[in-house]
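Residue numbers (the numbering used here): 335 to 555.
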């Protein structure tokens, strides 16, 4: 899956607050992330930016061909809810298309059969400060809230439990690679590396204690 990322260095706001001891600046960074959906295939993608509205029907508006399907994982029912886009009639069902695709989550996007590859562009603010994604025992789709590529634990701040399993979708071969974490021996066969805007399936045991993916991030790091 080809990915292009640009974090714009323009500051949306820089307000100085003068005190007797220091001068403090607040900076909001905006940017965009491009994710490619293969022709007629699936891509497991995330939206690592905060837009004004993060609903699927808004994020994908004007960017996808008719027949595109978005698969949203429901942790309660342990299954997918599917929304299909039709250029004449819109989204069906509407309630699934109204679901939010937020930083830290993800969804499968499937291009229409016989169609060409296409690119979805996410635009918004880079999440900063203390960040936390709630995790549950069982299967779920997760991603880094920060638009960075890197090793899931070493670079992106994921704190695994023993027995954690990561299922990473390969958009080229259209199948999964599996990674397991052992408290004594680490990752097998290796620590998973995520691309910018890439989501994965995570399976956690019922005994898992780390039920949040937390990280503090600043664009000035």
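Backbone N, C-alpha and C define an ideal beta-carbon position, used for all residues, glycine too. Just so you know, these numbers come straight off a predicted model, no measurement behind them.
- In the displayed model, residue 502 falls within a strand according to three-state DSSP.
- Taking one beta carbon from each stretch, the region 374-381 and the region 435-444 have 3 or more pairs nearer than 8 angstroms; the two touch.
- By the criterion of a C-beta distance shorter than 6 angstroms, residue 492 is surrounded in its chain by 486, 547, once the five residues flanking it on both sides are discounted.
- Judged by DSSP in its simplified three-state form, residue 379 adopts strand.
- At least 9 angstroms separates the beta-carbon of residue 482 from that of residue 537.
- Judged by DSSP secondary structure, residue 390 falls within the alpha helix (DSSP H) whose first and last residues are 390-393.
- For residue 415, the pairing in a beta bridge is given by DSSP as 406.
- Here residue 545 is exposed. Its C-beta has fewer than 16 other C-beta atoms within 10 Å.
- In the three-state reduction of the DSSP assignment, residue 546 falls in the strand class, which pools E and B.
- Residue 382 sits buried, since 16 or more C-beta atoms from the chains shown fall within 10 Å of its C-beta.
- For residue 447, the CB contacts under 6 angstroms within the same chain, skipping 5 residues up- and downstream, are 374 in chain order.
- If you check the CB distance, residue 478 and residue 490 come in under 9 angstroms.
- In this structure, residue 495 lies near residue 541, with their beta-carbon atoms less than 9 angstroms apart.
- Per DSSP, the continuous alpha helix (DSSP H) segment holding residue 431 begins and ends at 428-431.
- As DSSP reads the structure, residue 447 sits in no beta bridge.
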